[in-house]
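Numbering (my numbering), first residue to last: 34 to 843. The C-beta atom is built at its ideal place from N, Cα and C for all residues, glycine as well. Note that the coordinates shown come from a computational prediction; the quantities given were computed from them, not determined experimentally.
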Amino acid sequence: MQYGFFDDKNREYVITTPKTPLPWINYLGNKDFFSLVSNTCGGYSFYKDAKLLRLTRYRYNNVPYDNNGKYFYIKDGETVWNPGWQPVKTELDSYECRHGIGYSKFTSVKNDVKASVLTFVPMSDTCEISHVELTNNSSSEKKLQLFSYVEWCLWNADDDMKNFQRNLSTGEVEIVDSTIFHKTEYRERRNHYAIYSVNTKVDAVDTSRDAFLGAYNGPDHPDAVFAGKLTNSVASGWSPIAAHQIDITLAPGETKTFNFILGYVENPEDQKWESHGIINKKPANEMLARYQSDADVDKAFAELSAYWDNLLSIYHVKSSNEKVDRMVNIWNQYQCMVTFNMSRSASYYESGIGRGMGFRDSCQDLLGFVHLIPDRARERIIDIASTQFQDGSAYHQYQPLTKKGNSDIGSGFNDDPLWLIAGTSAYIRETGDMSILDETVPFDNDMSVATPLMNHLKRSFDYIVNHKGPHDLPLIGRADWNDCLNLNCFSAHPGESFQTFGPSEGPVAESVFIAGMFVKYGEEYAQLCELKGDSAEAERARAEVKKMYDAVCTAGWDGEWFVRAYDAHSNKVGSHECKEGQIYIEPQGFCVLAGIGVKEGLAEKALKSVKERLDTKYGVMILQPAYTEYHLELGEVSSYPPGYKENAGIFCHNNPWVSIAETVLGHGDRAFEIYKKTCPAYVEEISDIHCTEPYVYSQMVAGRDAKFFGQGKNSWLTGTAAWTFVNISQYILGIYPTHKGLSVDPCVPAGFGDFELVRKYRGATYNISVKTNGAQKGIQKLIVNGNEINGTVIPYDPSVKEYTVEAIMG
Ligand code: BGC
């Protein structure tokens with residue numbers, strides 16, 4: 034069952050009923066100001082950091098779900114309704130929500146009144162614009178009232194939901210004409226305030242929540258709205274809000290428009306006040322002046338569209354597979370950009386107060402957006418590397434605002450260092466910008482111990498070399514990519530964090546997954562050494578990689594698949610010797626994509642075992658058989674009921690690893706089959722089972738053992754976005770950036786058909802056409818600007834700006 038449809042021409046998903054199985058959300062904002070908006074107008078806004086600078090309040094874990102947002106109420110006689118259906122939930126005569134790229138548009142009709150709300154964050158201001166249009170489609174005059182409503186968050190979202198003894202006494206506002214200024218804590222250490230304004234004269238406002246809603250009411254029944262009269266309340270403590278009332282008369286056929294602006298404003302420390310206790314409103318008024326007319330809004334919206342037109346022209350495919358095209362050209366890249374902005378901080382499943390930016394997460398996210406915004410990727414690499422420790426290990430997370438490592442979680446996740454090599458290598462392969470390796474980058478943000486980035490990569494590499502266990506495999510530490518495989522934790526009491534309890538460096542527990550990573554990114558490190566002219570270091574690196582390769586093929590091989598790990602007692606994890614958890618997906622995918630065991634025939638066997646033991650119709654499960662009881666020696670992985678999350682869920686992030694691994698072996702049919710299983714556009718028809726948005730990836734789909742097999746969870750902020758984009762764009766469609774230039778080497782299913790691709794790369798445009806000839810892999814001929822070349826790599830030539838490339842497979 035579907036709840037909407039894709040409109041590819043407009044790059045939108047059109048939701049045709051507000052009653053989706055879960056809120057289906059979108060993200061607004063590109064740089065500093067962000068909003069989450071659901072298909073019923075729920076959500077919240079923040080400036081830079083969802084925890085520390087949250088503008089509007091949202092209640093996670095609330096009942097009913099998703100009932101706070103930025104709402105408009107329309108009162109038409111006795112009927113009160115909302116264009117997004119929530120929160121009053123008056124049945125609408127028609128409803129539509131179009132989630133687009135950086136904007137959402139709601140269009141609804143009730144009793145011959147049509148309301149549309151276009152909401153977006155302009156490119157160059159720290160605000161959200163909601164352009165509201167009301168049209169009277171009846172044959173008689175209508176007297177309507179339009180009300181707005183947002184509830185302010187008292188900035189620090191964590192404190193806002195805990196520290197009531199203080200917070201209920203701090204709320205302050207100012208009101209000038211149609212603008213409400215939220216200035217809680219401005220009197221002391223803040224130099225910022227928020228505004229909510231509309232470009233017309235208002236009939237009344239409210240800024241006290243109690244006055245607006247009435248005690249014991251929720252936003253579903255604001256007394257003041259139902260009475261048709263806001264009270265001009267001035268909040269003092271308690272819960273400040275912003276609500277406007279506009280009385281409107283609409284002749285038959287007439288339309289009126291309104292621009293609502295919700296903004297964040299900062300003043301220099303010495304210019305905070307206009308007069309005693311009165312905030313300096315100059316920058317707010319200047320911002321508002323930029324969005325007074327409809328033409329101003331149109332212009333800002335056109336800028337946003339142009340920005341995305343440009344980004345989405347960098348990689349564009351035209352094939353006979355509509356779903357592939359829409360995911361590649363629109364939604365997958367869009368989701369990658371959202372993960373760039375949010376990492377794992379704010380979604381409907383990440384509360385915005387928890388994890389901030391992840392070291393490994395952000396490095397992997399980069400693989401999916403580096404081609405879109407290389408300059409910002411460069412900045413991001415430096416930020417991430419600045420949180421590394423001198424021994425090569427790294428803070429597992431850092432705060433977006435301060436960019437400082439988060440000491441609550443600390444370090445000890447032993448895959449982290451290698452992801453820095455992955456991200457940096459991807460950046461250089463994309464841009465050719467070797468100068469990044471000479472950037473002086475601190476350790477733990479301490480400039481007194483700064484060193485060139487290249488030296489950071491060396492320390493990443495050596496961290497693994499210097500931390501091996503009894504089988505010559507890398508020590509796992511607190512966990513590797515699988516945050517829930519906590520082999521040194523031994524937590525027996527509720528409430529202890531699986532990630533931080535126990536010693537951070539176990540003496541023996543080892544990870545075959547990190548070994549696979551080391552083989553892949555160790556080689557990429559060696560290539561960088563060579564490019565830097567350090568062939569001795571490249572040789573040393575390759576010798577270490579070879580040792581690791583051999584260790585994986587011996588101690589890491591279980592007979593039919595790769596072992597997952599060795600626990601703290603040196604027992605195998607992910608082996609036929611185990612009762613449960615006999616096979617894990619991660620080493621099968623990653624070792625094979627790293628090329629391990631290809632020539633020895635192990636790779637074939639491992640992927641065959643994945644198919645036999647882990648595959649389902651909704652994707653490949655992370656492990657089997659599921660753990661049915663808690664294992665002290667394994668940690669969080671065994672804490673989930675079977676089929677959920679890391680305990681035998683379909684963890685979408687590592688499905689592309691297996692798909693990429695299949696392309697390494699030339700299995701286009703199987704690679705694409707795996708791609709399709711978790712691809713949102715391909716599961717749109719089962720949205721009632723899948724539940725999460727059909728336009729973005731979710732972190733997890735419940736596995737075969739779960740009660741709700743096939744149900745998605747934790748949509749949007751997942752490394753799945755980057756890895757599936759890498760998979761489809763670089764391996765299946767086969768346009769892979771190397772240090773020497775673009776490689777064209779697709780691996781597609783036999784019936785995929787011919788396709789065309791535009792790829793902008795290092796300042797040139799490549800117009801590529803691929804004739805597949807029914808082949809799954811293999812380039813028979815590559816003709817570049819009329820000349821046939823050897824191999825699959827188009828040598829990079831800075832003097833050529835246009836390439837016409839014909840690739841003939843077979
Ligand atoms: C984390 C990732 C981790 C994955 C698997 C996600 O929630 O953000 O860093 O690799 O879970 O455990």
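### Message
Going by beta-carbon coordinates alone, are Leu451 and Phe546 separated by less than 8 Å?
### Response
The residue you call residue 451 lines up with position 418 of the sequence shown. The residue you call residue 546 lines up with position 513 of the sequence shown. It is not a contact, given that the beta carbons lie outside the stated cut-off.
### Message
Per DSSP, what are the beta-bridge partners of Ala275 in this structure?
### Response
Looking up residue 275 in the sequence shown gives position 242. In DSSP, Ala275 forms a bridge with Val183.
#### Entry: Check whether Pro433 and Gly389 have beta carbons under 8 Å apart
The residue labelled residue 433 in the question sits at position 400 within the sequence shown. The residue labelled residue 389 in the question sits at position 356 within the sequence shown. In this structure, Pro433 places its C-beta atom within 8 Å of the C-beta atom of Gly389.
### Task
Using alpha carbons as the reference points, say which of Ala260, Asn820, Asp82 lies closest to Thr159.
Reading the sequence shown from its first residue, position 126 is the one you call residue 159. Asp82 is the residue among Ala260, Asn820, Asp82 whose C-alpha sits nearest the C-alpha of Thr159.
### Task
Pull up the DSSP beta-bridge partners for Trp590, would you.
Here the question's residue 590 lines up with position 557 in the sequence shown. Note: Trp590 sits in a beta bridge opposite Phe595.
### Message
Whether or not the segment 531 to 538 and the segment 494 to 514 are in contact is what I'm after, with contact meaning three or more pairs of Cβ atoms, one per stretch, closer than 8 Å; do they touch?
### Response
Three or more pairs of CB atoms, one per stretch, sit closer than 8 Å, so the segment 494 to 514 contacts the segment 531 to 538.
#### Entry: Alpha carbon of Ala31 to alpha carbon of Lys234, nearest angstrom
A query on residue 31 cannot be resolved here, the shown segment of the chain reaching from 34 to 843 and no further.
#### Entry: Simplified DSSP state of His664, which is helix, strand or coil
Position 631 of the sequence shown, counting from 1, holds the residue named residue 664. If DSSP states are grouped into helix, strand and coil, His664 belongs with coil.
### Message
In whole angstroms, give me the CA-to-CA distance for Tyr708 and Ile812.
### Response
Position 675 of the sequence shown, counting from 1, holds the residue named residue 708. Position 779 of the sequence shown, counting from 1, holds the residue named residue 812. Their Cα atoms are separated by approximately 22 Å.
### Task
Within its chain, find whatever has a CB closer than 8 Å to the CB of Arg242; leave out the 5 residues flanking it on each side and keep chain order.
Counting from 1 along the sequence shown, the entry for residue 242 is found at position 209. Around Arg242: Glu184, Ala268, Trp271, Ser272, Pro273, Ile274.
#### Entry: Classification of Gln423 by the beta-carbon crowding that lies within 10 angstroms, buried from 16 upward
Looking up residue 423 in the sequence shown gives position 390. Taking every protein chain shown into account, the CB of Gln423 has fewer than 16 other CB atoms within 10 angstroms, so this residue is exposed.
### Query
Across which residues does DSSP place Tyr799 in a beta bridge pair?
As a first step, residue 799 must be located in the sequence shown, where it is residue number 766. For Tyr799, the pairing in a beta bridge is given by DSSP as Arg792, Tyr836.
### Message
Here's the rule I'm using: 16 or more other beta-carbon atoms within 10 Å means buried, otherwise exposed. How should Asn311 be labelled?
### Response
To locate residue 311, count along the sequence shown from 1; it is residue 278. The sequence given here places Ile at residue 311; Asn does not occur at that position. Looking at its Cβ environment, which holds fewer than 16 other Cβ atoms inside 10 Å, Ile311 is exposed.
### Query
Per DSSP, what kind of secondary structure is Gly743 in: helix, strand or coil?
Locating residue 743 in the sequence shown gives position 710, counting from the first residue. Gly743 falls in the coil class under three-state DSSP.
### Message
Output needed for Thr825: all residues of its chain with C-beta closer than 6 Å, excluding positions within five of it in sequence on either side, in chain order.
### Response
Working through the sequence shown from its first residue, we reach residue 825 at position 792. Cβ contact annotation for Thr825 (same chain, cutoff 6 Å, sequence separation greater than five): Ser776, Val777, Asp778, Ile812, in chain order.
#### Entry: Alpha-carbon to alpha-carbon, Asp591 and Thr696
Position 663 of the sequence shown, counted from the start, is the residue given in the question as residue 696. Position 558 of the sequence shown, counted from the start, is the residue given in the question as residue 591. Each residue's Cα considered, the two are about 23 Å apart.
### Task
Can you tell me which of the three DSSP states Arg703 falls into?
For the purposes of this step, residue 703 is identified with residue 670 of the sequence shown, where counting begins at 1. Three-state DSSP puts Arg703 in a helix.
### Backbone CA spacing between Gln198 and Asp192 [nearest angstrom]
Walking along the sequence shown from the start, residue 198 turns up at place 165. Walking along the sequence shown from the start, residue 192 turns up at place 159. Approximately 11 Å, taken between the alpha carbons.
#### Entry: Beta-ladder partner(s) of Pro485, from DSSP
To locate residue 485, count along the sequence shown from 1; it is residue 452. Answer by DSSP bridge pairing, in chain order: Thr473.
### Message
Taking 7 Å as the cut-off, is the C-beta of Asp516 nearer than that to any heavy atom in ligand 1?
### Response
Position 483 of the sequence shown, counted from the start, is the residue given in the question as residue 516. For Asp516, the shortest C-beta to heavy atom distance toward ligand 1 is below 7 Å.
### Task
Starting from Ile812, follow the beta strand (DSSP E) in both directions and report where the run begins and ends.
As a working mapping, residue 812 is identified with position 779 in the sequence shown. Residues 812 to 817.
### Message
In the DSSP output, what is Tyr229 paired with across the bridge?
### Response
For the purposes of this step, residue 229 is identified with residue 196 of the sequence shown, where counting begins at 1. Partner residues in the beta bridge of Tyr229, as assigned by DSSP, are Ile213, Leu295.
### According to DSSP, residues forming a beta bridge with Ala148
For the purposes of this step, residue 148 is taken as the residue at position 115 of the sequence shown. Note: Ala148 sits in a beta bridge opposite Ser141, Leu167.
### Task
Determine the direct distance from the alpha carbon of Asp145 to that of Asn169, and round the result to whole angstroms.
The residue you call residue 169 lines up with position 136 of the sequence shown. The residue you call residue 145 lines up with position 112 of the sequence shown. Going from the Cα of Asn169 to the Cα of Asp145 covers about 6 Å.
### Closer than 7 Å: Glu619 CB and nearest ligand 1 heavy atom
By 1-based counting over the sequence shown, the position of residue 619 is 586. Answer for Glu619: no, Cβ out of range of ligand 1.
### Query
Can you find a heavy atom of ligand 1 that lies under 7 Å from the Cβ of Gly676?
As a first step, residue 676 is located in the sequence shown; it is residue number 643 there, counting from the start. Between ligand 1 and Gly676, a heavy atom-to-CB distance of less than 7 Å is absent.
### Task
Report yes if the CB atom of Glu789 is closer than 8 Å to the CB atom of Lys351, and no otherwise.
Here residue 789 is taken as the residue at index 756 of the sequence shown, counted from 1. Here residue 351 is taken as the residue at index 318 of the sequence shown, counted from 1. Yes, Cβ-Cβ distance for Glu789 and Lys351 is below 8 Å.
### Query
By a C-beta neighbour count over all protein chains shown, 10 Å radius and 16 as the cutoff for buried, is Arg462 buried or exposed?
Position 429 of the sequence shown holds residue 462. By the neighbour-count rule (16 or more Cβ atoms within 10 Å), Arg462 is buried.
### Message
For a test of your reading of the model: does the CB of Arg597 fall under 7 Å from any non-hydrogen atom of ligand 1? Yes or no.
### Response
For the purposes of this step, residue 597 is taken as the residue at position 564 of the sequence shown. Result no, Cβ not under 7 Å from ligand 1.
### Task
Could you tell me whether the segment 753 to 763 touches the segment 713 to 720, using the rule of 3 or more Cβ pairs below 8 Å?
Contact between the segment 753 to 763 and the segment 713 to 720 is absent, because fewer than three Cβ pairs lie under 8 Å.
#### Entry: CA-to-CA distance, Phe595 to Glu835, given in whole angstroms
Taking the sequence shown and counting its residues from 1, one reaches residue 835 at position 802. Taking the sequence shown and counting its residues from 1, one reaches residue 595 at position 562. Going by the C-alpha atoms only, they are around 44 Å apart.
### Message
Are there any heavy atoms of ligand 1 lying less than 7 Å away from the beta-carbon of Ile778, as far as the coordinates show?
### Response
Looking up residue 778 in the sequence shown gives position 745. As written in the sequence, residue 778 is Asp, which differs from the Ile given in the question. For ligand 1, not one heavy atom lies less than 7 Å from the Cβ of Asp778.
### Query
Do you know whose CA, among Lys814, Gln366, Ala548, lies nearest Val578's CA?
Here residue 578 refers to the residue found at position 545 when the sequence shown is read from its first residue. Closest by alpha carbon: Ala548.
### Query
Is Arg377 near ligand 1, with its Cβ less than 7 Å from a heavy atom?
Residue numbering aside, residue 377 sits at position 344 when the sequence shown is read from its first letter. Indeed, a heavy atom of ligand 1 lies less than 7 Å from the Cβ.
#### Entry: Alpha carbon of Asp99 to alpha carbon of Ser68, nearest angstrom
One-based indexing of the sequence shown puts residue 99 at position 66. One-based indexing of the sequence shown puts residue 68 at position 35. C-alpha separation (whole angstroms): 14 Å.
### Message
What would DSSP say about Asp308, mapped onto helix, strand or coil?
### Response
What you label residue 308 is simply residue 275 of the sequence shown in a count that begins at 1. Here residue 308 is Ser; the residue named in the question, Asp, does not match the sequence. Strand at Ser308.
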